[in-house]
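**Student:**
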Amino acid sequence: MLVRVFVPKPLDPADGSDLDGTEHEFPALPCVGDLIRFTDHRAGEDFTVDRVGYIQDGDGFVACSWVKPRA
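Take the sequence shown: its letters are residues -18 to 52, numbered as in my numbering.
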């Protein structure tokens, strides 16, 4: 299942965004409280799923997870 994962980032003054969204394949939509570990430039950082839902993207909807750094 393709899931867009939103990770907090420093505020971008150019567009006002404070989240970085990238798409990843999962067997199912991650649940609130699940742990996510990336294998890209964020390797070594763990994130906890804070919210899940869907956003409209064009004519369709995309499954999404919003994560926060693991405390």
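A virtual CB, placed ideally from N, CA and C, is assigned to each residue, including glycine. Given the structure is predicted, the values throughout are model-derived calculations rather than measurements.
Since I believe Val48 is in contact with Phe(-13) (beta carbons under 8 Å), could you give me their beta-carbon distance rounded to a whole number of angstroms?
**Tutor:** Indeed, because the Cβ distance is near 7 Å, the residues count as touching under 8 Å.
**Student:** Just the Cα atoms here: how many angstroms apart are Asp(-7) and Ala9?
**Tutor:** Each residue's alpha carbon lies about 31 Å from the other.
**Student:** Which one of Pro11, Cys45, Gly14 and Thr29 has the shortest CA to CA distance from Glu4?
**Tutor:** Selected option, being the one with the closest Cα: Cys45.
**Student:** Does the separation of the CB atoms of Val30 and Phe7 fall below 8 Å?
**Tutor:** In this structure, Phe7 does not lie closer than 8 Å to Val30 by Cβ.
**Student:** Is it right to say Pro50 is buried, meaning 16 or more other beta carbons lie within 10 angstroms of its own, or is it exposed?
**Tutor:** Pro50 is exposed by the Cβ-count criterion.
**Student:** Does the separation of the CB atoms of Asp(-1) and Lys(-10) fall below 8 Å?
**Tutor:** Against a cut-off of 8 Å, the Cβ pair of Lys(-10) and Asp(-1) comes out as a contact.
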